[in-house]
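Trainee:
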Amino acid sequence: MRIIRISWVGSFCKSLACPWIITCMMLSGCGGSGALQPQVGEFDELLMRSSYASDAEEGTPTFNEVFVEGATLVEDRTRYGKVRLRLQDDSAGTEPNTRILDIRVLNGETGEEVGMVQWTAVQVGEDWRIKDAPLP
């Protein structure tokens, strides 16, 4: 019986395994304090959903999925649907389970920058919701 060794199979499997291992490590986390950290893009999605929730009645599931009860919002909530929001940075807030979101606000029609604002997000269970959402 003759054994045929195919050397490329081993290197091919290693090249496929490495990205999967790194991805699994990033998704599962490595050590740390065990505190929940926001996922990449999680706040971007939250900002996108805030524009859709602007037309929802307070107390409806759509509104409650984005904003916490008693959130500080602009008086005319439809304004959230008329702008585009670009997350520039997020950092830990002064209170536990809060994040400060630095947001660039753009005109929804022209794309021109309207200004910069800071929103506060709070963790509710495993989800993040918006607590303060000023607009320029």
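At position 25 of the sequence shown the residue is numbered 25 (the working numbering), and the sequence of numbers has no breaks. Note that CB positions come from ideal geometry on N, CA and C, so glycine has one too.
1. Could you check which residue in 91, 115, 63 and 122 has the C-alpha nearest to that of residue 78?
2. Buried or exposed: where does residue 133 fall if 16 or more other Cβ atoms within 10 Å of its Cβ makes it buried?
3. In whole angstroms, what separates the C-alpha of residue 131 from that of residue 65?
4. Once the 5 residues before and after residue 87 are set aside, which same chain residues still bring their CB inside 7 Å of it?
5. Check whether the Cβ atoms of residue 59 and residue 84 sit closer than 8 Å, and answer yes or no.
6. Specify the secondary structure class of residue 55 as computed by DSSP and reduced to three states.
7. Short check: CB of residue 115 to CB of residue 136, under 8 Å?
8. For residue 119, tell me which candidate among 90, 49 and 106 has the shortest Cα-Cα distance.
9. Would you identify the three-state DSSP class for residue 66, choosing helix, strand or coil?
10. Classify residue 121 as buried or exposed, calling it buried when 16 or more other Cβ atoms lie within 10 Å of its own Cβ.
Mentor: Here's the rundown:
1. Among 91, 115, 63 and 122, the Cα nearest to that of residue 78 belongs to 63.
2. Buried.
3. Within the model, the alpha-carbon separation for residue 131 versus residue 65 is close to 12 Å.
4. Excluding sequence neighbours, residue 87 sits near 43, 44, 47, 101 and 103.
5. In this structure, the beta-carbon distance from residue 59 to residue 84 does not fall below 8 Å.
6. In the three-state reduction of the DSSP assignment, residue 55 falls in the coil class, being assigned neither a helical nor a strand state.
7. Yes.
8. Nearest C-alpha to residue 119: 90.
9. Helix, per DSSP.
10. Around the beta-carbon of residue 121, 16 or more other beta-carbon atoms lie within 10 Å, marking it buried.
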